[in-house]
Amino acid sequence: MKKKILIMGIETSCDETAVSIIQDNGKKSPKILANIISSQEEVHKKFGGVVPELAARSHLEKIERITKKALKKSKVKLEDIDAISATAGPGLIVCLSVGFNFAKSLSIALKKPFIAVNHLEGHALSPMFHSNIKFPYLLLLISGGHTQYLIVKGLGKYKRIGTTIDDALGEAFDKTAKILGFQFPGGPSVEQYAKRGNQNRFILPKPIINRGGCNLSFAGLKTAVFKLSKLIKSEQDKYDLAASFQKTVMDIIYKKTKVAINEFRKYCKGNEMVIAGGVAKNKEIRKKINKMCLEEKFTAIFPELELCSDNAAMIAIVGLKKFKNREFNKLNFSVNPRWQLDNKAKFLKGAGVEL
Ligand code: KG4
Ligand code: ZN
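Heads up: the sequence shown runs through residues -8 to 346, numbered per my numbering.
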């Protein structure tokens, strides 16, 4: 029997050291044989955010051990791997370099192809392990560093139709958590505490809600949370503010996603939408998007929870698709901390931007 293709994925773009081994499954979704993720929450907790130098040191300390663990879990021998794929960007340069150079060394030692992967493309394709979604589809990417609406036309073919002009959504959750004194990482804490709060207690701004197409803005929302936090007297007040923040975010996403769907329809015929990235773990946001998609006769597809936040299986699936197309990279390919999916998209940033 012909041996099935085996791909190793390596991810170190931020604060997760991750190695995965996946197996091609013909026409069916690829099989995840191992998906090892070592989070650095403990390292960064006391700083309330990721410290790049500490993150890079931690990747260096762990990468070999995590790789061995992935091989053991998958019961695969290193020499049986067909190609090594690794995140080349976007991300923190000192962190990206650790996994990327480790992957290059493996590829040289094994004499196997090396594949550079865009981290955001990993998020974009992450639901393909559990659904047979077809191109083109609409993507809402909501992570700690990015918030974008994109049309996914095919492998490596993206059109950005909307972006945040300031903070990413995950960043807004993290900053709100920090202001309210909740534990790092902020997103899950805000979601938990919001359950105990009254979401209608505080009226918060929804910046650019009625203009700017499906571009988004969260900086004003964060500032409003900061100002209101000065008036807080009890734990209940904190929960109410967390719940009001989350509700405002849901209202913004509901409205802007409708705009994005209409924009998508101008270019394509499909009716599927993927919501990926760490914030896509949020159950309330999932509910709201599902409701909106029902109204719009669209299907919302979410990756499995453990594939929403950073992982290496999503890097390996891009690696597998590129391997099948024989899209390999030379070893002089460098990391690109600002690598965008749509390289024609304009840089939109700050309040002065024309919308
Ligand atoms: O995709 P991800 O793991 O890393 C990046 O590529 O950025 O996303 C991390 C972000 C963080 O900002 C984290 O607070 C947020 O995802 N997040 C959440 C939840 N779980 C993680 N935000 C809201 N609700 C959650 N349950
Ligand atoms: Zn990510």
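Glycine is no exception: its CB is placed at the ideal position from the N, C-alpha and C atoms.
**Asked** Taking Cβ to Cβ, would you say residue 265 is nearer than 7 angstroms to residue 128?
**Response** Mapped onto the sequence shown, residue 265 falls at position 274. Mapped onto the sequence shown, residue 128 falls at position 137. Yes, the pair counts as a contact, with Cβ atoms nearer than the cut-off.
**Item:** CB contact flag (residue 159, residue 137, <7 angstroms)
**Value:** Counting from one through the sequence shown, the residue named residue 159 turns up at place 168. Counting from one through the sequence shown, the residue named residue 137 turns up at place 146. The answer is yes: Cβ separation under 7 angstroms.
**Item:** Check: residue 34 C-beta below 6 angstroms from any heavy atom of the ligand KG4
**Value:** The residue given as residue 34 occupies position 43 in the sequence shown. It does not: the Cβ of residue 34 is nowhere closer than 6 angstroms to a heavy atom of the ligand KG4.
**Request:** Please find out if some non-hydrogen atom of the ligand ZN comes closer than 6 angstroms to the beta-carbon of residue 134.
**Result:** For the purposes of this step, residue 134 is taken as residue 143 along the sequence shown, with counting starting at 1. Checking the Cβ of residue 134 against the ligand ZN gives yes.
**CB of residue 210 within 7 angstroms of CB of residue 157, strictly** = Working through the sequence shown from its first residue, we reach residue 210 at position 219. Working through the sequence shown from its first residue, we reach residue 157 at position 166. A contact, by the Cβ cut-off of 7 angstroms.
**Request:** Let me know the secondary structure DSSP gives residue 54 once reduced to three states.
**Result:** In the sequence shown, counting from the first residue as 1, residue 54 sits at position 63. The answer is helix: DSSP assigns residue 54 an H, G or I state.
**Item:** Classification of residue 32 by the beta-carbon crowding that lies within 10 angstroms, buried from 16 upward
**Value:** Position 41 of the sequence shown holds residue 32. Under this definition residue 32 is an exposed residue.
**Asked** CA-CA distance, residue 79 and residue 51?
**Response** Here residue 79 is taken as the residue at index 88 of the sequence shown, counted from 1. Here residue 51 is taken as the residue at index 60 of the sequence shown, counted from 1. Approximately 16 angstroms, taken between the alpha carbons.
**Prompt:** Cβ of residue 300 versus every heavy atom of the ligand KG4: is any distance shorter than 6 angstroms?
**Reply:** As a working mapping, residue 300 is identified with position 309 in the sequence shown. At least one heavy atom of the ligand KG4 is nearer than 6 angstroms to the Cβ of residue 300, so yes.
**Message:** With three or more beta-carbon pairs closer than 8 angstroms as the criterion, would you say the region 207 to 225 touches the region 94 to 107?
**Reply:** no
**Request:** Check each candidate in 233, 333, 247 and 104 and name the one with the smallest Cα separation from residue 348.
**Result:** There is no way to answer for residue 348, as the model of the chain reaches only from -8 to 346.
**Prompt:** Is residue 176 near the ligand KG4, with its Cβ less than 6 angstroms from a heavy atom?
**Reply:** Position 185 of the sequence shown, counting from 1, holds the residue named residue 176. Yes - the ligand KG4 has a heavy atom lying nearer than 6 angstroms to the Cβ of residue 176.
**Asked** Buried or exposed: residue 100, going by 16 or more other Cβ atoms within 10 Å of its Cβ?
**Response** Your numbering for residue 100 matches position 109 in the sequence shown. Exposed.
**Message:** Following a CB-centred definition, is residue 272 positioned closer than 6 angstroms to any heavy atom of the ligand KG4?
**Reply:** As a first step, residue 272 must be located in the sequence shown, where it is residue number 281. Residue 272 Cβ: within cutoff of the ligand KG4.
**Request:** Look at the alpha carbon of residue 54 and the alpha carbon of residue 23, and state the distance between them as a whole number of angstroms.
**Result:** Translated into positions along the sequence shown, residue 54 becomes position 63. Translated into positions along the sequence shown, residue 23 becomes position 32. Cα to Cα, residue 54 sits roughly 19 angstroms from residue 23.
**Request:** Please determine, among 165, 184, 186 and 185, the residue with the shortest C-alpha to C-alpha distance to residue 177.
**Result:** In the sequence shown, counting from the first residue as 1, residue 177 sits at position 186. Closest by alpha carbon: 165.
**Asked** Taking 6 angstroms as the cut-off, does the CB of residue 351 come closer than this to any heavy atom belonging to the ligand KG4?
**Response** Not covered by the structure: residue 351. The range shown for the chain is -8 to 346.
**Any non-hydrogen atom of the ligand KG4 closer than 6 angstroms to residue 165 Cβ** = Counted from its first residue, the sequence shown places residue 165 at position 174. Yes - the ligand KG4 has a heavy atom lying nearer than 6 angstroms to the Cβ of residue 165.
**Request:** Round the Cβ separation of residue 81 and residue 130 to the nearest angstrom and send it over; I've been treating them as touching at under 8 angstroms.
**Result:** For the purposes of this step, residue 81 is identified with residue 90 of the sequence shown, where counting begins at 1. For the purposes of this step, residue 130 is identified with residue 139 of the sequence shown, where counting begins at 1. Not really, about 16 angstroms apart at Cβ, beyond 8 angstroms.
**Item:** Rounded C-alpha distance that separates residue -1 from residue 145
**Value:** Within the sequence shown, numbered from 1, the residue matching residue -1 stands at position 8. Within the sequence shown, numbered from 1, the residue matching residue 145 stands at position 154. Rounded to whole angstroms, residue -1 to residue 145 spans 22 angstroms at the Cα level.
**Inter-residue spacing [alpha-carbon to alpha-carbon] between residue 244 and residue 280** = On the sequence shown, position 253 is the one that residue 244 refers to. On the sequence shown, position 289 is the one that residue 280 refers to. Going by the C-alpha atoms only, they are around 8 angstroms apart.
**Request:** Taking only the alpha-carbon atoms, compute the straight-line gap between residue 182 and residue 334 and give it to the nearest angstrom.
**Result:** The residue labelled residue 182 in the question sits at position 191 within the sequence shown. The residue labelled residue 334 in the question sits at position 343 within the sequence shown. Their backbone Cα atoms lie some 34 angstroms apart in a straight line.
**Asked** Where does residue 206 land, buried or exposed, given buried means 16+ other C-beta within 10 angstroms?
**Response** In the sequence shown, the residue the question calls residue 206 occupies position 215. Flag for residue 206 reads buried.
**Prompt:** Is any heavy atom in the ligand KG4 found nearer than 6 angstroms to the beta carbon of residue 328?
**Reply:** Translated into positions along the sequence shown, residue 328 becomes position 337. Not so, every heavy atom of the ligand KG4 lies at least 6 angstroms from the Cβ.
**Nearest to residue 218 (by Cα), restricted to the options 151, 237, 193 and 141** = Taking the first residue of the sequence shown as position 1, residue 218 is located at position 227. The shortest C-alpha separation from residue 218 is found at 193.
**Message:** Let me check you understand the geometry: is the CB of residue 118 closer than 6 angstroms to at least one non-hydrogen atom of the ligand KG4?
**Reply:** Position 127 of the sequence shown, counted from the first residue, corresponds to residue 118. No, since every heavy atom of the ligand KG4 falls outside the 6 angstroms radius drawn around the Cβ of residue 118.
**Request:** Measure how close the beta-carbons of residue 13 and residue 252 come, nearest whole angstrom, since I'm counting them as under 8 angstroms.
**Result:** Taking the sequence shown and counting its residues from 1, one reaches residue 13 at position 22. Taking the sequence shown and counting its residues from 1, one reaches residue 252 at position 261. With a Cβ gap of about 31 angstroms, residue 13 and residue 252 do not count as contacting.
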